[in-house]
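Below is one structure, written out as structure tokens; the observations come after it.
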Amino acid sequence: MKIIKSLALVALMLSVVITGCKPKDADIKAAIEKSIAAMPSLSGTAVDVKEGAVSLSGQLQDETAKVLAETTAKAVKGVKSVTNNITLPAPVVIAVDEVLTKSVKDAVKDYPTVVAAVNDGVVNLTGEIKKDALPKLMMALSSLKPKKIDNKLTVK
Numbered sequence: 001m002k003i004i005k006s007l008a009l010v011a012l013m014l015s016v017v018i019t020g021c022k023p024k025d026a027d028i029k030a031a032i033e034k035s036i037a038a039m040p041s042l043s044g045t046a047v048d049v050k051e052g053a054v055s056l057s058g059q060l061q062d063e064t065a066k067v068l069a070e071t072t073a074k075a076v077k078g079v080k081s082v083t084n085n086i087t088l089p090a091p092v093v094i095a096v097d098e099v100l101t102k103s104v105k106d107a108v109k110d111y112p113t114v115v116a117a118v119n120d121g122v123v124n125l126t127g128e129i130k131k132d133a134l135p136k137l138m139m140a141l142s143s144l145k146p147k148k149i150d151n152k153l154t155v156k
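Residue 41 in my numbering sits at position 41 of the sequence shown; the count goes up by one each step and never skips.
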């Protein structure tokens, strides 16, 4: 009987030691979040951990940052797997010349001394403009998302 009690006690202690050695999900999550916080390019990454399985979500700027977040999570002790659900921003759509030309003409209609031409997504500006009107015009044209604005205006 004494041996059975001793074996039961050893089994109980062994189970406590074995389960106590494994990192808890909260500890894994804290370690990953600490590693990610040290890298500004990974800000915006959310971490979720269930039984050692890590799930990353959020939006990052590029594929390199996405891979870095996954690699950082995998390096933490106790991580069994990583599911990377991080998204990337949609690429900037460059306006087609025909649509861009119409929009540019509409933007410069209030500036009779400004001539605008569009070629392959590049807006070419020539003519004259008053100094205080230039920022307003440039903001209006920039909002159209051309490839480039080639400003050859003479500022008065």
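Every residue, glycine too, gets a C-beta built ideally from N, C-alpha and C.
N- and C-terminal bounds of the beta strand (DSSP E) containing residue i
i, result
"E51", "E51 -> no beta strand (DSSP E), and no H or E assigned at all."
"S81", "S81 to N84"
Member of the options whose CA lies at the smallest distance from the CA of residue i
i, options, result
"T113", "G121, D120 and L125", "L125"
"A30", "K152, E128, P40 and V79", "V79"
"V115", "V67, N151, D27 and A53", "N151"
"G52", "A117, D25 and N119", "D25"
Test item: CB-CB of residue i and residue j under 8 Å
i, j, result
"T64", "L56", "no"
"D97", "G121", "yes"
"S41", "Q61", "yes"
"A107", "A69", "no"
"V82", "V54", "yes"
"P23", "K77", "yes"
Opening and closing residue of the alpha helix (DSSP H) in which residue i lies
i, result
"S35", "D25 to A37"
"L153", "No alpha helix (DSSP H) holds L153; the beta strand (DSSP E) holding it covers K148 to V155."
"V67", "E63 to K74"
Status (buried if at least 16 other CB within 10 Å, exposed otherwise) for residue i
i, result
"L88", "exposed"
"S243", "The chain is shown only over 1 to 156; residue 243 falls outside these bounds and no answer can be derived."
"T72", "buried"
"I86", "buried"
"K109", "exposed"
"P135", "exposed"
"P91", "exposed"
key: alpha helix (DSSP H) runs contained entirely in the region 86–134, provided each spans 4 or more residues   = 97–108
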